[in-house]
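Read the structure below first, then the notes.
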Amino acid sequence: MHDEYGILKASIPEPRCALNFTTPFQLLVATVLSAQTTDVRVNSVTPELFDSYGTPEKLSEARIETVESIIHPVGFYHAKASHIITLSNQIVDDFAGEVPANMRDLTTLAGVGRKTANVVLGNAFGIPGFPVDTHVIRVTGRLRWRTDWRKANPDPVHIENEICGYFEPKEWTNLSHRLILFGRSTCHARKPACADCPLRATCPSAESI
Ligand code: SF4
Numbered sequence: 001m002h003d004e005y006g007i008l009k010a011s012i013p014e015p016r017c018a019l020n021f022t023t024p025f026q027l028l029v030a031t032v033l034s035a036q037t038t039d040v041r042v043n044s045v046t047p048e049l050f051d052s053y054g055t056p057e058k059l060s061e062a063r064i065e066t067v068e069s070i071i072h073p074v075g076f077y078h079a080k081a082s083h084i085i086t087l088s089n090q091i092v093d094d095f096a097g098e099v100p101a102n103m104r105d106l107t108t109l110a111g112v113g114r115k116t117a118n119v120v121l122g123n124a125f126g127i128p129g130f131p132v133d134t135h136v137i138r139v140t141g142r143l144r145w146r147t148d149w150r151k152a153n154p155d156p157v158h159i160e161n162e163i164c165g166y167f168e169p170k171e172w173t174n175l176s177h178r179l180i181l182f183g184r185s186t187c188h189a190r191k192p193a194c195a196d197c198p199l200r201a202t203c204p205s206a207e208s209i
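Residue numbering for the sequence shown follows the UniProt record's numbering, starting at 1 and increasing by one per position.
Structure (structure tokens):
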């Protein structure tokens, strides 16, 4: 596992969050918007959104119809608009206008689960976090980095706890970035590019998919 991660580190030396943001609040909103869509699509709507509603105070007072029209391209726009307005109100009312920098408080916000909270902790606050998304689940399963790799629907929290146990906390955020980028570029869901994969020599799933 650690040798394979060393190869991933060499092939993806400087991973970074693909969502554009300038404050923890903006990353939180962008991450909520990123569910079921691409980061590119989120980045296409956030400049206009943050131009008018870039703080919890401003977004908490926005009309939902206005927000819906701005974020329409990201899909699920009604639920997402409701979530980001509600979480803005929560931040203003419960956290004095500041995004909380801990898992417990972040996950009290509307539309925020552990994955979103870990993205914000790791990328906005520099607090180790390991977001588990569909790419992380797939790649860690194919590489047999986790014991429940046979499960069709493994528990993301279990995966987070198991994988984090194998690595130093300072690696967690970039480890997740690298697995996501690697899943997007090479270890695709339908047709993984095993012939070009740098982990081909040790991967138990190479060419068997
Ligand atoms: S060898 Fe294939 S299945 Fe294994 S990690 Fe690489 S792309 Fe994924």
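By construction, the Cβ of each residue, glycine as well, lies at the ideal position given by its N, Cα and C atoms.
Since the structure is predicted, the reported quantities are computational estimates derived from the model, not experimental observations.
**Study point:** Thr186 beta carbon near the ligand SF4 (any heavy atom closer than 6 Å)
**Key:** Along the sequence shown, one-based indexing puts residue 186 at 186. Yes, the beta carbon of Thr186 sits closer than 6 Å to at least one heavy atom of the ligand SF4.
Check your understanding: Out of curiosity, what's the CA-to-CA distance linking Pro24 and Asn43?
Key -> Stepping through the sequence shown from its first residue, residue 24 is reached at position 24. Stepping through the sequence shown from its first residue, residue 43 is reached at position 43. Rounded to whole angstroms, the gap between the alpha carbons of Pro24 and Asn43 is 15 Å.
Review point. In terms of residue numbering, what span does the alpha helix (DSSP H) encompassing Cys164 cover?
Key: Residue numbering aside, residue 164 sits at position 164 when the sequence shown is read from its first letter. Run containing Cys164: Pro156 to Tyr166, per the alpha helix (DSSP H) assignment.
Review point. Would you say the beta carbon of Ser176 comes nearer than 6 Å to a heavy atom of the ligand SF4?
Key: The residue given as residue 176 occupies position 176 in the sequence shown. Checking every heavy atom of the ligand SF4 against the Cβ of Ser176, none is found closer than 6 Å.
**Study point:** For Leu87 and Met103, believed in contact at Cβ under 8 Å, the rounded distance
**Key:** The residue given as residue 103 occupies position 103 in the sequence shown. The residue given as residue 87 occupies position 87 in the sequence shown. In fact, because the Cβ distance is near 15 Å, the residues do not count as touching under 8 Å.
Review point. What residue from Ile163, Asp133 and Gly54 has the CA that sits closest to Gly113's CA?
Key: The sequence position of residue 113 within the sequence shown is 113, counting from 1. Closest option to Gly113, Cα to Cα, is Asp133.
Review point. Roughly how far, in whole angstroms, is the beta-carbon of Ser176 from the beta-carbon of Pro131, given that I think they are within contact range, below 8 Å?
Key: Position 176 of the sequence shown, counted from the start, is the residue given in the question as residue 176. Position 131 of the sequence shown, counted from the start, is the residue given in the question as residue 131. Indeed, because the Cβ distance is near 5 Å, the residues count as touching under 8 Å.
Review point. Count the other CB atoms within 10 Å of the CB of residue 211; is the residue buried (16 or more) or exposed (fewer)?
Key: The question about residue 211 has no answer here: the residues shown for the chain are numbered 1 through 209.
Point to revise | Distance, Ala195 Cα to Ala201 Cα | key: Here residue 201 corresponds to residue number 201 of the sequence shown, with the count starting at 1. Here residue 195 corresponds to residue number 195 of the sequence shown, with the count starting at 1. Taking the straight line from one Cα to the other gives about 10 Å.
**Study point:** Proximity test, Ala206 beta-carbon vs the ligand SF4 heavy atom, cut-off 6 Å
**Key:** Locating residue 206 in the sequence shown gives position 206, counting from the first residue. Yes, the ligand SF4 has a heavy atom inside 6 Å of this Cβ.
Point to revise | Separation of Lys9 from Pro169, as counted between CA atoms | key: For the purposes of this step, residue 169 is identified with residue 169 of the sequence shown, where counting begins at 1. For the purposes of this step, residue 9 is identified with residue 9 of the sequence shown, where counting begins at 1. The alpha-carbon atoms of Pro169 and Lys9 are separated by roughly 16 Å.
Check your understanding: Hey, Ile7 and Pro198: beta-carbon distance below 7 Å or not?
Key -> Translated into positions along the sequence shown, residue 7 becomes position 7. Translated into positions along the sequence shown, residue 198 becomes position 198. Yes, these two residues count as a Cβ contact at 7 Å.
Check your understanding: For Gln26, is the classification buried or exposed, using 16 other Cβ atoms within 10 angstroms of its Cβ as the cut-off for buried?
Key -> Here residue 26 is taken as the residue at index 26 of the sequence shown, counted from 1. Buried, since its Cβ has 16 or more Cβ neighbours within 10 Å.
Review point. What separation, rounded to the nearest whole angstrom, lies between the Cα atoms of Leu19 and Ala35?
Key: Here residue 19 refers to the residue found at position 19 when the sequence shown is read from its first residue. Here residue 35 refers to the residue found at position 35 when the sequence shown is read from its first residue. Answer to the nearest angstrom: the Cα atoms are 12 Å apart.
**Study point:** Lys80 beta carbon less than 7 Å from that of Leu109
**Key:** For the purposes of this step, residue 109 is taken as residue 109 along the sequence shown, with counting starting at 1. For the purposes of this step, residue 80 is taken as residue 80 along the sequence shown, with counting starting at 1. No. Outside cutoff.
Practice item. Compare the C-alpha of Cys187 against each of Asp51, Arg142 and Glu65 and name the closest. Key: Position 187 of the sequence shown, counted from the start, is the residue given in the question as residue 187. It is Arg142 whose Cα lies nearest to the Cα of Cys187.
Exercise for review: Use the C-beta contact count for Tyr166: other C-beta atoms within 10 angstroms, 16 or more gives buried, fewer gives exposed.
Suggested key: Taking the first residue of the sequence shown as position 1, residue 166 is located at position 166. Classification for Tyr166: exposed.
Review point. Sorted by chain position, which residues of the same chain lie with C-beta nearer than 8 Å to Glu68's C-beta, five sequence neighbours on each side aside?
Key: Taking the sequence shown and counting its residues from 1, one reaches residue 68 at position 68. So the qualifying residues of the chain are Tyr77, His78 and Ala81.
Exercise for review: Return the chain-ordered list of same chain residues with a C-beta closer than 7 Å to the C-beta of Arg146, the five sequence neighbours on each side being excluded.
Suggested key: Reading the sequence shown from its first residue, position 146 is the one you call residue 146. So the qualifying residues of the chain are Thr140, Ile159, Glu162 and Ile163.
Exercise for review: Could you give the DSSP three-state label for Pro169: helix, strand or coil?
Suggested key: Mapped onto the sequence shown, residue 169 falls at position 169. Reduced to three states, the DSSP call for Pro169 is helix.
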